[in-house]
Amino acid sequence: MDPRPTNYHIVYLQGDFVQIPEVELPAPQTYTQTIYPQTSLAEIHERVRDATVLVLSALRIDATTLSPEISPHLKLIVVVAVGTDCVDLDACRKRGIVVTNCPGANNASVSEHAIGVYFMARRKMLDMCSLTRAGEWPRRKTLMYDILDKDGTPPLTCQEEVAGIIGNGSVGKRIASLAQTLGMKVLISGRKDSDNSNMSNGSSSNQERVPFETVLRQSTVLFLAIPLTDSTRNLISTSEFEAMSPHGVLVNVSRGGIVDEEALVKALEEGKISGAATDVFEKEPAGPENSPLLREGTEKLNLVVTPHLAWLSRKTALNYSQILKKSVEGYAKGDMGDVNVVCG
């Protein structure tokens, strides 16, 4: 590894998302910093040119950006988030750039958000709020029929739900725990196309994994909490919606691209599933012009959408700041034992 520099220049590309910590480096090392509240893709190359350390949350850092011509001084990238799919890790490995992230930092807020939007979709709370505010209750005498599924059945209670959990990391485990506390039966999914149905999930409950296809068929609510990789892209698409219960609710708090957005819209339109909620989109920031989930007509679907803010909480912000501080200080000291090194 290259000798540690004497002066570090820390560049925050998305400072709005980070509580900036005071970094303490061992003498004679010093640091300066530049904080950009937000950065567009067009601005990245100019802003990374003098960076020794790059701090970001969910901004695409590709191989061109990581070339010595664009970022000649870059030694460390701190992803102040759990997912690292926004960074070209192969390019980092080739240059010896260290990449760290913040696993587990947001598991409380993301898992609670997942449960919250589940309730919104299951009980069609947004529709009920809008109709009530519009004066439809006294006009129609009852709004009960608007909360029913397309087959006329009332919503399930938690005690009737079967929660399928796809993703068994810290967020998936906490969603499973919350779901069990609410009275749901929980199924932990194995990997898609895997025959290993008895693989332990490593949790303290020793709950065994269930084949992916079985989870799809038996779940009435499906929670997604997995990273975006080549193997998970479009993991949930037309055939998966065909296999799900017509009373099923899909909740995605992981990454856009894991769910085929066109297939999801079609499944909701055709009543293949009862509802869905997503905090993430294939293209972000998402709007009617770049997301099938937000285009004209989708407002009539039982689809709850939030703008990739499930992570946001005081606890998450504090965790991110502490891990960021440890990452920079650990790199400067040559001791990364207290942080999660993704590559380098």
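The opening position of the sequence shown corresponds to residue 21 in this note's numbering, with each subsequent residue numbered one higher. We put the beta carbon where it would ideally sit given N, CA and C, even for glycine.
Exercise. Return helix, strand or coil for L109, following the three-state DSSP convention.
Key: Helix, per DSSP.
Quiz item: Hey, does W331 have any beta-carbon neighbour from chain D nearer than 8 Å?
Solution: Looking at the structure shown, chain D is missing, and only one protein chain is on hand.
Quiz prompt | Cβ-Cβ distance between F37 and S77 below 8 Å | solution = yes
Practice problem: Compute the Euclidean distance between the alpha carbons of L313 and S87, then round it to the nearest angstrom. | Solution: 35 Å
Quiz prompt | beta strand (DSSP E) runs contained entirely in the segment 306 to 360, provided each spans 3 or more residues | solution = 323 to 325
Practice problem: Express the C-alpha separation of S190 and K353 in angstroms, rounding to a whole number. | Solution: 29 Å
Self-check item: Local Cβ density within 10 Å of N121, reported as buried at 16 or more and exposed below that
Solution: Under a 10 Å Cβ-count criterion, N121 is classified as buried, with 16 or more other Cβ atoms of the shown protein chains found around its own Cβ.
Quiz item: Tell me which same chain residues have a C-beta within less than 6 Å of the C-beta of C363, skipping the five on either side of it?
Solution: Within the same chain, C363 has close Cβ partners L109, C112, R113 and V119.
Self-check item: Terminal residues of the alpha helix (DSSP H) in which G192 lies
Solution: S190 to T201
Quiz item: Where do the ends of the alpha helix (DSSP H) carrying F139 lie?
Solution: Counting along the chain, the unbroken alpha helix (DSSP H) around F139 starts and ends at N127 to R142.
Quiz item: With 16 as the cutoff for other CB atoms within 10 Å, does M164 come out buried or exposed?
Solution: exposed
Quiz item: Should G357 be labelled buried (16 or more other beta-carbon atoms within 10 Å of its own) or exposed?
Solution: exposed
Quiz item: Does the beta-carbon of W331 have 16 or more other beta-carbons within 10 angstroms, so that it is buried, or is it exposed?
Solution: buried
Practice problem: Output the distance between the C-alpha atoms of T173 and E304, rounded to the nearest integer angstrom. | Solution: 35 Å
Quiz item: For V206, which residues does DSSP report across the bridge?
Solution: A183
Exercise. Rounded to whole angstroms, what's the CA-CA distance from K346 to I97? Just pull it up for me.
Key: 13 Å
Quiz item: Okay, do the segment 196 to 215 and the segment 146 to 158 touch, 3+ Cβ pairs below 8 Å being the bar?
Solution: no
Practice problem: Give the C-beta separation of V273 and A125 to the nearest angstrom, bearing in mind that I take them to be a contact with Cβ-Cβ under 8 Å. | Solution: With a Cβ gap of about 14 Å, V273 and A125 do not count as contacting.
Practice problem: Spell out a yes or no on whether the segment 226 to 245 and the segment 175 to 192 are touching, meaning 3 or more CB-CB pairs, one atom from each, closer than 8 Å. | Solution: yes
Quiz item: Is it true that the CB of Q58 sits closer than 8 Å to the CB of Y32?
Solution: no
Quiz item: Taking the alpha carbon of R143 as the point to measure from, which residue in I117, G116, S131 and E181 has its own alpha carbon closest?
Solution: Residue E181 is the option with its Cα nearest to R143.
Self-check item: Between the CA atoms of D166 and R153 - distance to the nearest angstrom
Solution: Those two C-alpha atoms are separated by around 14 Å.
Quiz item: So, are the CB atoms of H328 and D355 less than 8 Å apart?
Solution: no
Quiz item: Do the CB positions of R253 and G277 come within less than 8 Å of each other?
Solution: yes
Self-check item: Buried or exposed by the 16-neighbour rule on C-beta atoms within 10 Å, applied to L168
Solution: exposed
Practice problem: Please go through the same chain and pick out, in chain order, the residues whose beta-carbon is closer than 8 Å to the beta-carbon of P308, but skip the five residues on each side of it. | Solution: L314, R315 and E316
Practice problem: Please name the residue, chosen from P123, E289 and I90, that lies closest to P247 on a Cα-to-Cα basis. | Solution: Ranking the options by Cα distance to P247, first place goes to P123.
Quiz item: Between the Cα of E132 and the Cα atoms of G116, T201 and H65, which residue gives the shortest distance?
Solution: E132 has its Cα closest to that of T201, out of G116, T201 and H65.
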